[in-house]
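Colleague:
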Amino acid sequence: GDSVTQMEGPVTLSEEAFLTINCTYTATGYPSLFWYVQYPGEGLQLLLKATKADDKGSNKGFEATYRKETTSFHLEKGSVQVSDSAVYFCALSARGSTLGRLYFGRGTQLTVWP
Amino acid sequence: DSGVTQTPKHLITATGQRVTLRCSPRSGDLSVYWYQQSLDQGLQFLIQYYNGEERAKGNILERFSAQQFPDLHSELNLSSLELGDSALYFCASSGGTSGGALHNEQFFGPGTRLTVL
Numbered sequence: 010g011d012s013v014t015q016m017e018g019p020v021t022l023s024e025e026a027f028l029t030i031n032c033t034y035t036a037t038g039y040p041s042l043f044w045y046v047q048y049p050g051e052g053l054q055l056l057l058k059a060t061k062a063d064d065k066g067s068n069k070g071f072e073a074t075y076r077k078e079t080t081s082f083h084l085e086k087g088s089v090q091v092s093d094s095a096v097y098f099c100a101l102s103a104r105g106s107t108l109g110r111l112y113f114g115r116g117t118q119l120t121v122w123p
Numbered sequence: 073d074s075g076v077t078q079t080p081k082h083l084i085t086a087t088g089q090r091v092t093l094r095c096s097p098r099s100g101d102l103s104v105y106w107y108q109q110s111l112d113q114g115l116q117f118l119i120q121y122y123n124g125e126e127r128a129k130g131n132i133l134e135r136f137s138a139q140q141f142p143d144l145h146s147e148l149n150l151s152s153l154e155l156g157d158s159a160l161y162f163c164a165s166s167g168g169t170s171g172g173a174l175h176n177e178q179f180f181g182p183g184t185r186l187t188v189l
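Residue numbers (my numbering), protein chains in the order written: chain L, 10 to 123; chain B, 73 to 189.
Structure representation (structure tokens):
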């Protein structure tokens, strides 16, 4: 079945460090891929998305590229800030199931120190 | 602000009790999803409604039920509560005409934190 695996946290970085959070997926066909972010005490917010192979999603300095050959969608940011401290979730929506459920990874806690 | 509202924000109750969680989707969204977030299970899909009809079921217990009303708001009913039901319950919506529906971009509410004592 469809599933998402992302690196376990927590991840602790100093401000301005480079961030990578790994995400791989298993799905039939070509799913849409998402990164959601959850700040403390809040709901999930869509950070970025990619809907087909080789697409690059980007937002707020974060990027992720849909790699069909490696079934991956790794999240990267060149220079993290304290305000990026949050939990990050990788998710997929199966192709052909418009309006269907999302499959989430377990989440990665990121803490950025000044 | 995602446009999805959930009430109440916090709920504290005792084992064996019944509670109702409420969700109002974004304006124009026809589909509502319920997810449970707990430390040990992560984010689990419970159930989906589309325009008033049940569309899909996930890991929802028989003690839980949901419905979507003609005005598209949804309620999640949890009964015979157990300590293990303590969790964050999120509602999400999608499927509106404002975009994102084709690729199932879902918009999440702030959640209801349920504590069962």
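C-beta: ideal position from N, C-alpha, C; glycine also.
Suppose the cutoff is 7 Å on Cβ atoms and the five residues either side in sequence are ignored; what does the same chain contact list for Leu155 of chain B look like?
Modeller: Same-chain partners within the cutoff: Thr87, Val188.
Colleague: Taking Thr117 of chain L as the reference, which of L:Val20, L:Ser12, L:Tyr39, L:Leu101 has the closest Cα?
Modeller: L:Val20
Colleague: Name, in chain order, the residues that DSSP records as bridge partners for Tyr107 of chain B.
Modeller: B:Phe117, B:Phe162
Colleague: Could you pull out every residue in the same chain whose Cβ sits closer than 7 Å to the Cβ of Ala36 of chain L, ignoring the five residues on either side in sequence?
Modeller: Asp11, Leu101, Ala103
Colleague: For Ser81 of chain L, write down the residues that DSSP places opposite it in a beta bridge.
Modeller: In the DSSP output, where bridge partners are listed per residue, Ser81 of chain L has L:Thr33, L:Arg76.
Colleague: Return the CA-CA distance between Ala164 of chain B and Ala73 of chain L, expressed in angstroms with no decimal places.
Modeller: 23 Å
Colleague: Could you run through the region 32-66 of chain L and flag, in chain order, every residue whose CB is less than 8 Å away from some CB of chain B?
Modeller: Listed in chain order, the positions of the region 32-66 of chain L with a beta carbon within less than 8 Å of a beta carbon of chain B are Ser41, Phe43, Tyr45, Glu51, Gly52, Leu53, Gln54, Leu55, Lys58, Thr60.
Colleague: How about Ser102 of chain L: is its C-beta nearer than 8 Å to some C-beta of chain B?
Modeller: True, the Cβ-Cβ gap to chain B drops below 8 Å.
Colleague: Using 8 Å for Cβ pairs, my map puts Gly66 of chain L next to Leu57 of chain L. What's the rounded Cβ distance?
Modeller: 4 Å
Colleague: Run through chain B and tell me which residues come within less than 7 Å of Gly109 of chain L, C-beta to C-beta.
Modeller: Going along chain B in sequence order, the residues near Gly109 of chain L (Cβ under 7 Å) are Ala128, Asn176.
Colleague: May I ask you to list the residues that DSSP assigns as paired with His82 of chain B?
Modeller: B:Arg185
Colleague: Counting only the same chain and skipping the five closest in sequence on each side, list residues whose C-beta sits under 8 Å from that of Thr29 of chain L.
Modeller: His83, Leu84, Glu85
Colleague: Tell me, which residues are paired with Thr21 of chain L by DSSP?
Modeller: L:Thr120
Colleague: Apart from the five residues on each side of it in sequence, which residues of its chain come closer than 8 Å, Cβ to Cβ, to Lys54 of chain L?
Modeller: Note on residue identity: the sequence assigns Gln, not Lys, to residue 54 of chain L. Closer than 8 Å at the Cβ level, and outside the excluded window around Gln54 of chain L, lie Tyr45, Val46, Gln47, Tyr48.
Colleague: Can you tell me whether Gly66 of chain L is helix, strand or coil according to DSSP?
Modeller: Three-state DSSP puts Gly66 of chain L in a strand.
Colleague: Using a Cβ cut-off of 7 Å, pull out every chain B residue sitting near Arg115 of chain L, in sequence order please.
Modeller: Gly114
Colleague: Would you kindly work out how many angstroms separate the C-alpha atoms of Tyr97 of chain L and Ser137 of chain B, rounded to a whole number?
Modeller: Approximately 29 Å between the Cα atoms of the pair.
Colleague: Run down chain L in chain order and give the residues with a C-beta less than 7 Å from the C-beta of Gln120 of chain B.
Modeller: Arg110
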